[in-house]
Amino acid sequence: MGLALIAVALLIGLGALGTAIGFAILGGKLLEGSARQPELAPMLQGKMFLIAGLLDAVPMIGVGIAMVILFVTIPGMAA
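Once you know that position 33 of the sequence shown is 33 in this note's numbering, the rest is easy, because the numbers rise by one and skip nothing.
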């Protein structure tokens, strides 16, 4: 049971950490691209929001897997 809780913590924590790093890189590249070619800024911003939405799915999937571990696997271990 204890290892399952550690797995849940790692799933959520590392998923959030990876997403935060991804958003930081994405934002930096957006600013860099907008500074180099200001006329492309609206197009770059639209693409950035699309990628940000896809990038945001990673921690949501991790939270879903963590909930399955917490509410399905661990109560099954007690029986």
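We put the CB at the ideal spot given by N, CA and C, even for glycine. Just so you know, these numbers come straight off a predicted model, no measurement behind them.
Roughly how far, in whole angstroms, is the beta-carbon of residue 11 from the beta-carbon of residue 66, given that I think they are within contact range, below 8 Å? 5 Å
Assign residue 1 to one of three DSSP states: helix, strand, or coil. coil
With distances taken between CB atoms, is the gap from residue 4 to residue 74 smaller than 8 Å? yes
Report, in whole angstroms, the separation of the C-beta atoms of residue 50 and residue 34, which I expect to be a contact under 8 Å. Their Cβ separation, rounded to whole angstroms, is 16 Å, which puts residue 50 and residue 34 out of contact at 8 Å.
DSSP three-state label for residue 45, please. helix
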